[in-house]
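These notes are about the structure you will find just below.
Number of protein chains: 2
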Amino acid sequence: MTDLDVTQTATPAPGSGGSVVISVDAMGGDRGPAAVVAGMAESADRNPDIRFIVHGDEAELRRLVARRKSLAGRCDIRHAEGVVTMDDKPSQIVRKGDGTSMWSAIESVKTGEAGAAVSCGNTGALMALSMLRLRKLPGVNRPAIACLWPSLNPQGFNIMLDVGADIRADAHDLLQYALMGASYARNGLGLSEPRVGLLNVGTEEHKGRAELKQAQDMIVAAAETGKFRYVGFVEGGDLPSARVDVIVTDGFTGNIALKTGEGTAKLVGTLLKDAFANSIMSKFAAVLAMTSLKRLQKRIDPRRVNGGIFLGLNGTVVKSHGSADAMGVSAAIKLAFTLAQSGFQDRLAARVAQAAVTAAPGTEAASQ
Amino acid sequence: MTDLDVTQTATPAPGSGGSVVISVDAMGGDRGPAAVVAGMAESADRNPDIRFIVHGDEAELRRLVARRKSLAGRCDIRHAEGVVTMDDKPSQIVRKGDGTSMWSAIESVKTGEAGAAVSCGNTGALMALSMLRLRKLPGVNRPAIACLWPSLNPQGFNIMLDVGADIRADAHDLLQYALMGASYARNGLGLSEPRVGLLNVGTEEHKGRAELKQAQDMIVAAAETGKFRYVGFVEGGDLPSARVDVIVTDGFTGNIALKTGEGTAKLVGTLLKDAFANSIMSKFAAVLAMTSLKRLQKRIDPRRVNGGIFLGLNGTVVKSHGSADAMGVSAAIKLAFTLAQSGFQDRLAARVAQAAVTAAPGTEAASQ
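Residue numbers (my numbering), protein chains in the order written: chain L, 10 to 377; chain E, 10 to 377.
Right under this line is the structure:
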C-alpha cells in the first residue's frame, strides 16, 4: 500500500467507533479557552465524525462546553492545573511542564487515545514538549514545522518547511524535510506527485551555500522512491507560485520568509484600506467592490491557513496561531482531523524509514 | 564635520561646474539601451544639475541621445564593444570583461570623472567588477547590497542590507552593515539618527544564531559613535514597520526576504485584479476606485524604489532592476545623484575607518 491512496487508512484511526479523536490544549492561546472551545464547536457542527479530548481548567471547560450543543457527549475533559505562557522558555517547560494543559494534550497522542493534538500555545515550548514526550521518528535528526502558504496552484496553497523548529539544517535534514513535506502534500493536500523545490538565492546550479548543492544531489536521488518530483532551486518569489508545491529550507530562513510574507500582505492590506478611505468616490467604490474584496480577503485570510504541522515525531501535533479566533482554531482542528483520518502518521514514518534504508550504503532500497 | 550635514559636501562633487556626473552602463538591461537613454532623459528633464557619461555601442547611443533634447550637450558617450549578459558568470566577467560597457561605466567612477555609476546589468557580474576595479574600503571585509523597502515610516521606505552581495556574513560583517546602512539612511533618506535592527527569528535575547548575539553586542557598542540607535532584534514582519529604519542581515537571508516580499505583493496584486474583474458590479467599482488604486500602486510600485546600492567599495555603484523601464532607470539615477551630491562616499569611508579604529584593541576612538 502506498501513501498515494488516501481513501483507506493503514491502521484504524484512533478513537471510538468510526470517529477521529483530536486532543486539544484549551489554554495558552492569546484569547483564552473560550475561543478554543468555540472553534471546537464550529468543527463539531460541520463534522459528525470528530470527537475531542480537551485539556485545561476543568471547571471553566465544563462551563464553556456545556454552552455548546454540538459538543454534547463528544468531549472528554481532562483537568490540568498549569498553563504554558507565551513568555515561558522551552528549557523551563521541559523541566517542569508536566502539570500543564500542553503536556496533557500531547500525552493523549502518546497514549494513542487521540489521533492528533492541537495547541494555540507557545511554539518553542510545544515543540520541546512534543520532542520530549513523542520522541523523534527513527531516521529523523531535526523535526520541522511545515506551514501552508497561499499560492496560485489549483490547491490554493503551497507547503513550506522548516519555518522555525530549528535554526540549523544540514543536507541530510533538508532531504528529510523534502520527504516529509511530500508526504504531507499527498495526505494533507491530496497531491499524487508533489513538486518539491529547494529555497535558494538563485535558480542557477552554481548559486548558494555548499550544503544546498549537497542537499540537491540527495533530493534528486530520493525523488523516485519518495514519489515526488524535484523542480530544482526556487527563489523567494516562487513561494506563492504554481511551479512548486513543497518548498524546503532551514528553519531560520523559513521563519524569516514566513513572517516577511505575512508582513507584506498586511502592509498591502493596510494601504488598500487607506486608499479606499481616501475620498467619497472611493468609499462608494469600496461598497460596490465589497463582495470582490471579501472574496480576496478570504483567499489570503491567515485564519484559513492556520496550522503549522510538526513533522518528524511519533505523533501528529498542529500548532495554531496564538491569536487564533474560533474560525482559526477550527481550521487547525480540521487540518489535524484530515491528517489523523488519512493515517498520515504511519505513512510518514514508513517514508522516512524507507529513505534511511535507501541512504544507508550497501543496503537494498525497499521496493513498495 | 559630521555626516549629518547633508547641505554641504566634504569635497566638491566630481564633474564640471556645479553639476554632478553620473556614469551609466547603457547595455545589459532586459529592455536594451533605448529604455536606459529614455530614463536618462527623464532625469535630465527634471534635474538641471545632472550630466552623464554613457557607455555602450557608440553609433546606437549617438542616435538615441540625439533624439532627446534634454540630453543635448550633457552627455559624454564612451564606446564599448562588449556587453555583459544576464547569463554571464561573474568569474568569467572578472577575467575577460574589460571591453564591456559595464567595466567602462565603473572605470569612470574609479578615475573620478563620475560621482556614481548606474547599471541595469547582471548583479553578480556588476558586484565582481566593482570589487575588482574599485576595491573594498579599508576595514570592510564583505561589501553589501542595500535595498529600499516600502514601509509605514514617514520617509516611506526602510533600508535592508545585505540583499545578496555575499551569502555569508559573520558578526564583524554585520557590524559593518549596520554602520554602512546607518550612513546610507542619513545621506540617502535624510534621517538624522537612523534606528537599526538585526533580523532574527524572534525578538527575545536568547533567540537565533550565535553570530547574531555576538553581532548584537558589537552593534550596541558602536551605536553612539556611529550616530544611530539600535532597536534590537527585528522579525520578518518588521521589514515594512515603523519601529526600524535599517534592517541588517546576511545576504542569503536578505535576498530570500526581498524576493518573498516582492512575490507576496505581486500575488496580492494579481488576486486583487482577479477580484475586480469578477463581476460587472466589481468592474464598475474598479473604475470608481481607479484614483485610489493608482495611489496605492504608486506607493508600492517597485520602479519607484528601484536601485540597490553597493556599499563598502571605493566608489558608489547603483544596481537598477534588469527589467527597469524609463521610470525605473530614472529612479536609480536619482538615487545615484542624491548620494553623489551629498558626498556620501567620503562620509561612508570615514565612518567605516573610524569604526575600525574603535574596534582595534588598545587604540583610542576618534572623537568627531
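Beta carbons: idealized from backbone N, C-alpha and C, even for Gly.
Straight-line gap, residue i to residue j (C-alpha atoms, nearest Å)
{"i": "residue 168 of chain L", "j": "residue 81 of chain L", "result": "35 Å"}
{"i": "residue 335 of chain E", "j": "residue 228 of chain E", "result": "39 Å"}
{"i": "residue 123 of chain E", "j": "residue 72 of chain E", "result": "23 Å"}
{"i": "residue 191 of chain E", "j": "residue 294 of chain E", "result": "43 Å"}
{"i": "residue 12 of chain E", "j": "residue 284 of chain E", "result": "Low local confidence applies: a pLDDT of 42 at residue 12 of chain E is under 50, so the model's placement there is unreliable, with the coordinate-based value given in what follows. Between residue 12 of chain E and residue 284 of chain E, the C-alpha separation is close to 48 Å."}
{"i": "residue 356 of chain L", "j": "residue 322 of chain L", "result": "12 Å"}
{"i": "residue 148 of chain E", "j": "residue 318 of chain E", "result": "18 Å"}
{"i": "residue 188 of chain E", "j": "residue 223 of chain E", "result": "16 Å"}
{"i": "residue 29 of chain L", "j": "residue 265 of chain E", "result": "39 Å"}
{"i": "residue 151 of chain E", "j": "residue 88 of chain E", "result": "32 Å"}
{"i": "residue 205 of chain L", "j": "residue 344 of chain L", "result": "21 Å"}
{"i": "residue 94 of chain E", "j": "residue 262 of chain E", "result": "26 Å"}
{"i": "residue 63 of chain L", "j": "residue 86 of chain L", "result": "5 Å"}
{"i": "residue 193 of chain L", "j": "residue 353 of chain L", "result": "7 Å"}
{"i": "residue 201 of chain L", "j": "residue 107 of chain E", "result": "52 Å"}
{"i": "residue 77 of chain L", "j": "residue 162 of chain L", "result": "37 Å"}
{"i": "residue 50 of chain E", "j": "residue 289 of chain E", "result": "41 Å"}
{"i": "residue 119 of chain E", "j": "residue 348 of chain E", "result": "16 Å"}
{"i": "residue 176 of chain L", "j": "residue 156 of chain E", "result": "25 Å"}
{"i": "residue 92 of chain E", "j": "residue 342 of chain E", "result": "20 Å"}
{"i": "residue 340 of chain L", "j": "residue 330 of chain L", "result": "11 Å"}
{"i": "residue 84 of chain L", "j": "residue 112 of chain L", "result": "18 Å"}
{"i": "residue 337 of chain E", "j": "residue 237 of chain L", "result": "40 Å"}
{"i": "residue 300 of chain E", "j": "residue 218 of chain E", "result": "46 Å"}
{"i": "residue 178 of chain E", "j": "residue 258 of chain E", "result": "8 Å"}
{"i": "residue 42 of chain E", "j": "residue 183 of chain L", "result": "43 Å"}
Proximal chain L residues relative to residue i, where beta-carbon distance stays under 8 Å
{"i": "residue 246 of chain E", "result": "268, 269, 271, 272 and 275"}
{"i": "residue 262 of chain E", "result": "261, 262 and 265"}
8 Å Cβ cutoff, residue i in contact with chain L
{"i": "residue 360 of chain E", "result": "no"}
{"i": "residue 22 of chain E", "result": "In this prediction, residue 22 of chain E scores a pLDDT of 43, lower than 50, which makes its location untrustworthy; the coordinate-derived value is nonetheless stated afterwards. Chain L contact via Cβ: absent."}
{"i": "residue 154 of chain E", "result": "no"}
{"i": "residue 318 of chain E", "result": "no"}
{"i": "residue 241 of chain E", "result": "no"}
{"i": "residue 363 of chain E", "result": "no"}
{"i": "residue 285 of chain E", "result": "yes"}
{"i": "residue 301 of chain E", "result": "yes"}
{"i": "residue 294 of chain E", "result": "yes"}
Chain E within 8 Å of residue i, Cβ atoms only
{"i": "residue 217 of chain L", "result": "yes"}
{"i": "residue 37 of chain L", "result": "no"}
{"i": "residue 288 of chain L", "result": "yes"}
{"i": "residue 135 of chain L", "result": "no"}
{"i": "residue 376 of chain L", "result": "Because residue 376 of chain L carries a pLDDT of 31, less than 50, the predicted location of this residue cannot be relied on, and the following value inherits that uncertainty. Not an interface residue."}
Chain E contact residues for residue i, given Cβ-Cβ distances below 7 Å
{"i": "residue 249 of chain L", "result": "272, 273 and 276"}
According to DSSP, residues forming a beta bridge with residue i
{"i": "residue 84 of chain E", "result": "E/61"}
{"i": "residue 115 of chain L", "result": "Answer is none; residue 115 of chain L lacks a bridge partner."}
{"i": "residue 145 of chain E", "result": "E/322"}
{"i": "residue 253 of chain L", "result": "DSSP output for residue 253 of chain L lists no bridge partner at all."}
{"i": "residue 167 of chain E", "result": "E/158"}
{"i": "residue 239 of chain E", "result": "E/205"}
{"i": "residue 52 of chain L", "result": "The partner list for residue 52 of chain L (beta bridge, DSSP) is empty, contrary to what the question assumes."}
{"i": "residue 109 of chain E", "result": "E/91"}
{"i": "residue 121 of chain L", "result": "Beta-bridge pairing links residue 121 of chain L to no other residue."}
{"i": "residue 328 of chain E", "result": "E/128 and E/317"}
{"i": "residue 31 of chain E", "result": "E/61 and E/125"}
{"i": "residue 153 of chain E", "result": "E/320"}
Chain L contact residues for residue i, given Cβ-Cβ distances below 7 Å
{"i": "residue 176 of chain E", "result": "210, 217 and 218"}
{"i": "residue 173 of chain E", "result": "210"}
Partners in chain E for residue i, counting only beta-carbon separations shorter than 8 Å
{"i": "residue 161 of chain L", "result": "276 and 279"}
Self-check item: Residues, ordered as in the chain, of the stretch 82–107 of chain L that lie near chain E by beta-carbon distance below 8 Å
Solution: 98
Exercise. Could you name the residues of the stretch 190–214 of chain E whose beta carbon sits closer than 9 Å to any beta carbon of chain L, in the order they occur along the chain?
Key: 208, 209, 210, 211 and 213
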